[in-house]
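Residue numbers are given in our numbering: position 72 of the sequence shown equals residue 1181, and the series is strictly consecutive. Backbone N, C-alpha and C fix where the C-beta goes; we use that ideal spot for every residue, glycine too. The structure displayed is predicted, hence computed values, not measured ones. Everything on this sheet refers to the single structure shown next.
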Amino acid sequence: MVDTVRMGFMVVKRTSLDDPAPSSLDRIRQAGLRPTRQRVALAALLFDGTNRHVTAEALHAEAQAAGVRVSLATIYNTLHQFTEVDLLRQVVVDGARTYFDTNVEDHHHFYFEDEGALADIPGHSIVVSGLPEMPPGTRQARVEVVVRVKGRRQS
Ligand SMILES: [Zn+2]
């Protein structure tokens, strides 16, 4: 059922970004955001049925290539709004680079330093032990591990 919907969504995405599939509209509405044209168009690019890690700059280039007129500032705002309502998760690899992750389940990452790319590591495949006690009044939200990798992946 879900697969059928996703396939339909992908077909629509290829043919027309100005008339987005209900699934990106639904995502935005269900998250409590007003489905502005730009939000819907960006959601259609982001949520293509695969887990993606995008930078604001990369999404901006993608939007331009798809004929979506949107400024980089609007992309940043939209990505942060999507993050606030848990449609995306922010992954900060270093001070200079922030990725937005369409996979909002708990998981970890490989970071390929030479490619500037992230790949998911399932949450259950890394066990972190020896965590300190949380500071008074706080609780642990989650633990994210970034495994930094050198060298290029072979295809
Ligand atoms: Zn991820």
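For residue j and residue i, believed in contact at Cβ under 8 Å, the rounded distance
{"i": "His1162", "j": "Val1200", "result": "7 Å"}
{"i": "Leu1215", "j": "Arg1251", "result": "As written in the sequence, residue 1215 is Asp, which differs from the Leu given in the question. The Cβ separation is near 6 Å, so the contact holds."}
{"i": "Arg1136", "j": "Phe1156", "result": "6 Å"}
{"i": "Val1213", "j": "Arg1198", "result": "5 Å"}
{"i": "Thr1220", "j": "Val1256", "result": "As written in the sequence, residue 1220 is Tyr, which differs from the Thr given in the question. Between Val1256 and Tyr1220 the Cβ distance is about 7 Å, and since that is below 8 Å, they are a contact."}
{"i": "Gly1141", "j": "Val1177", "result": "The pair is not a contact, with the Cβ atoms about 23 Å apart (cut-off 8 Å)."}
{"i": "Leu1168", "j": "Leu1151", "result": "7 Å"}
{"i": "Ala1165", "j": "Leu1181", "result": "6 Å"}
{"i": "Val1258", "j": "His1217", "result": "With 8 Å as the limit, Val1258 and His1217 do not qualify as a contact, their Cβ atoms being about 12 Å apart."}
Strand pairing of residue i, partner residues [DSSP]
{"i": "Leu1227", "result": "Tyr1220"}
{"i": "His1162", "result": "Asp1210"}
{"i": "Arg1138", "result": "Answer is none; Arg1138 lacks a bridge partner."}
{"i": "Gln1199", "result": "Phe1209"}
{"i": "Val1177", "result": "For Val1177, which the question treats as bridged, DSSP gives no partner whatsoever."}
{"i": "Val1255", "result": "His1218"}
Closer than 7 Å: residue i CB and nearest ligand 3 heavy atom
{"i": "His1162", "result": "As for ligand 3, it is missing from this structure, which binds only ligand 1."}
Minimum Cβ-Cβ distance from residue i to chain B less than 8 Å
{"i": "Gln1263", "result": "No chain B appears in the structure shown, which is made up of a single protein chain."}
**Prompt:** Looking at C-beta atoms only, is the number of pairs between the stretch 1185 to 1198 and the stretch 1142 to 1151 that lie closer than 8 Å three or more?
**Reply:** yes
Shell residues, 5 Å Cβ cut-off relative to heavy atoms of ligand 1
Matched residues: Asp1210, Asn1212 and Asp1229.
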